[in-house]
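Before any comments, here is the structure.
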Amino acid sequence: MSPRETRPTTTYSVAPTDREPLHERLHGLGAVDEQPGSYEAWRTKLSDGASQARAILYESGKLVISGHAPAFDTAI
C-alpha cells in the first residue's frame with residue numbers, strides 16, 4: 000500500500016460540456032457522491048487505502064480537489 004501524503008488543494012476551470020463526463024469518470028474510478036452544498040453542482044469522495052480525496056464542482060464551473068495521495072493523484 001502506498002503511504003498517505005498530503006497534497007495542496009488544487010483548483011481548475013471546467014467547461015460546461017466537460018462537467019458531466021468528468022463526474023462519470025470519477026465514478027468509474029470508484030468515487031462516491033456526497034450531498035452537495037450551496038452553489039455546488041456535485042461533490043464526490045475517492046478513497047484509496049488510507050487516503051481520501053474530495054472533488055467539488057461549483058455551479059460556476061470551478062473544480063476544487065483536496066485530500067491526500069494516492070487518492071488525490073488518481074482524482075487529478
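Residue numbers for the sequence shown follow numbering that gives the first Met the number 0, beginning at 0 and rising by one. C-beta: ideal position from N, C-alpha, C; glycine also. Every value quoted in this text rests on a predicted model; they were computed, and no experiment measured them.
Close Cβ partners of residue i (< 8 Å) along its chain, the five nearest in sequence each way excluded
i	result
G85	With the chain covering only 0 through 75, there is no way to say anything about residue 85.
L25	T43, L45, A54 and A74
Q51	K44, L45, G66, H67 and A70
G80	This structure cannot speak to residue 80, because the chain is shown only from 0 to 75.
First and last residue of the uninterrupted beta strand (DSSP E) at residue i
i	result
Y33	The residue you asked about is not Tyr; residue 33 is Glu in the sequence shown. Segment V31 to E33, the beta strand (DSSP E) holding E33.
S46	E39 to D47
E4	E4 to S12
S50	S50 to Y57
Contact set for residue i: own chain, Cβ-Cβ below 6 Å, skip 5 residues either direction
i	result
A30	T43 and L45
T5	H67
H22	W41
Closest by C-alpha distance to residue i, when choosing among the options
i	options	result
A40	L25, L28 and L62	L62
I64	E58, T9 and S37	T9
G36	D47, P7 and E58	E58
Opening and closing residue of the alpha helix (DSSP H) in which residue i lies
i	result
G27	P15 to G27
A74	A70 to A74
Neighbourhood of residue i by C-beta, 7 Å cutoff - its chain only, sequence neighbours within 5 removed
i	result
D72	none
A49	R3
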